[in-house]
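Positions -10 to 414 (this note's numbering) are the ones given, in order, by the sequence shown.
Yeah, the Cβ is synthetic: ideal placement off N, Cα and C, and Gly gets one too.
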Amino acid sequence: MSVTIILGAQWGDEGKGKIVDLLSAKADVVARYQGGPNAGHTVVIDEEEIVLHQIPSGILHPHTRCIIGNGVVIDPVILMEEVDFVKSKGFQVDGRLFISHRAHLIMPYHKLLDTTREAAEGASKIGTTGRGIGPAYVDKFDRCGIRIVDLLDRSTLAEKLLKNLESKNKVLQRIYDRDSMDTEKIIQDYLEFDRRIDAYVKDTTLLINRAIDASEEVLIEGAQGTMLDIDFGTYPYVTSSNPTAGGACTGLGVGPTRIDRVLGVVKAYTTRVGMGPMPTEFDTEFGDQMRQLGGEYGATTGRPRRCGWFDAVVVRMAAMINGLTHLAITKLDVLDTLPEIKICTAYRYQGRVMEHYPAELWIQEQLEPVYESHPGWLCSTQEAHSFDELPENARSYLRRISELTRTPISLISVGSKRSQTIFME
Ligand code: IMP
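Dropping the structure here:
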């Protein structure tokens, strides 16, 4: 039995939902450690697409216990809608979903501040999901955030809310020229939420560590991806949490010595949503073609994703920062019809070859990818059930990815269904 972190090794949307869903079949506990409803994990069951934003996709396997850890920021409105949605699909939630009493809440003013600020930034906006993620984490680190435990006591909640609303209303009115928010309504809404959430609140740190002590199979699920990490991503075009492996320890209260495997999920090419550098991005026409082939539209916002060739520099960095033990490659089949496929092995900047991702935004924006070209396989990979059943050109493409990223591949996905998966070990 082991503890595995599954995380995105690109800019998010790598297909983690499907991988977590598959591995959950053998898991006792599935836990999320950061982000919030900005994530959209898509799972296809019996031809039906199910998108989850806050509840771990493990909930779709009846025997797993699911945790939303202290590092996650929770939007109660979306969470309760999701609980109802999952129940309506016939899955039991009560007694299987546990929410950390230390997790912070996304409040209505966080969402309003997120969208208002983005609108005010114009062309230099981040391109956030508008779910209030950044402002909620700002309050957490500013030590004025409201946590799930605060819901347990009406007067604590009212006192904290009043203080927050006073300052947020000033910002909204004086800086953004917006109407102030109704304090009493917010208190009532959140007390109502407390009534519903109570059954799910638990000391999830104890729960997960006890599961590890009992040698249960534990999956720790990241949202977003390494290049959106607040420390290591394409700052400031990042999310406000640590999707990288270290975030799993702090976002759940699990010590690093207890982790056995770190599985990095990557697409066989690259995508990102929102603004910010992406060195291998295609020019518009080919990007449109790839977007159609891969159905590359955001699961949370429906925004078209930017597409590009596989960037081995990015994934090599992800392997280092996260200590990846394995890679899971998704959407290989999207490349089936392409006569030529490229991999970015390094960058060129002002005549210099760079093998590592630079920190400077202005350099990131001017990087010229150094490509090597691979012949396509021009046939369907969707029915392959083993590595040997893949066409030789696909196998050599995958071997090269593994070599360039210095990470063994343990799983390959060739379609959205659970059955369209090749396990390497
Ligand atoms: P935020 O997380 O909503 O603040 O958005 C910050 C950046 O992260 C934006 O570029 C978003 O498009 C991106 N982002 C946030 N969540 C996801 C995700 O689940 N997949 C891909 N990109 C995301």
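- Y22 has its CB no nearer than 7 Å to any heavy atom of ligand 1.
- Taking C-beta atoms under 8 Å as the contact rule, H93 and G134 qualify, at a distance of about 4 Å.
- Here DSSP, grouped into helix, strand and coil, assigns R261 to strand.
- Proximity of the beta carbon of A317 to ligand 1 is not indicated: no heavy atom of the ligand is located closer than 7 Å.
- Set against 7 Å, the gap from the CB of T117 to the closest heavy atom of ligand 1 is smaller.
- Here M413 is near I398, since their CB atoms are less than 8 Å apart.
- DSSP, read as helix, strand or coil, puts T410 in strand.
- The residues A308, L313, L316, in chain order, have a CB closer than 6 Å to that of T396 in the same chain once the five nearest residues on each side in sequence are set aside.
- The closest heavy atom of ligand 1 lies less than 7 Å from the beta carbon of T289.
- With fewer than three CB-CB distances shorter than 8 Å, the region 224 to 242 does not count as touching the region 318 to 337.
- Look at D171 here: in three-state DSSP terms it is coil, with no helix or strand label.
- Within the region 31 to 90, the runs of alpha helix (DSSP H) that reach at least 4 residues and sit entirely inside it are, in chain order, 65 to 77.
- Between G211 and A188, the C-beta spacing is not below 8 Å.
- At least one heavy atom of ligand 1 is found less than 7 Å from the C-beta of V262.
- Residue burial is scored here from C-beta neighbours: K100 has at least 16 other C-beta atoms within 10 angstroms and is therefore classed as buried.
- Sorting H90, E71, S89 by C-alpha distance to the C-alpha of Q81 places E71 at the top.
- When secondary structure is reduced to three states using DSSP, F221 falls in the coil class, being assigned neither helix nor strand.
- As the crow flies, the alpha-carbon of Y386 is around 19 Å from that of G4.
- Distances taken from the Cβ of V227 to the heavy atoms of ligand 1 include one shorter than 7 Å.
- Secondary structure note for H99: it is in no beta strand (DSSP E), and the uninterrupted alpha helix (DSSP H) holding it is 97 to 110.
- Three or more Cβ pairs closer than 8 Å define a contact, and the region 290 to 301 meets that threshold against the region 322 to 338.
- Note on geometry: alpha-carbon atoms of I248 and I201 lie some 10 Å from one another.
- Non-local C-beta neighbours of T105 in its own chain, meaning closer than 8 Å and more than five positions away in sequence, comprise L161, Y165, R167, ordered along the chain.
- Short of 6 Å from the beta carbon of R261, and not among the five residues preceding or following it, lie these beta carbons of its own chain, in chain order: W0, M267, R295.
- Closest by C-alpha distance to A112, out of A20, E205, L350, G263, is G263.
- Per the C-alpha coordinates, the member of A383, I34, N27 positioned closest to Q43 is N27.
- For V(-8), the pairing in a beta bridge is given by DSSP as V207.
- A contact is defined here as three or more CB-CB pairs under 8 Å, and the region 339 to 349 fails this definition with respect to the region 360 to 368.
- Among the bridge pairs identified by DSSP, Y336 is matched with M343, P358.
- In the three-state reduction of the DSSP assignment, D139 falls in the helix class.
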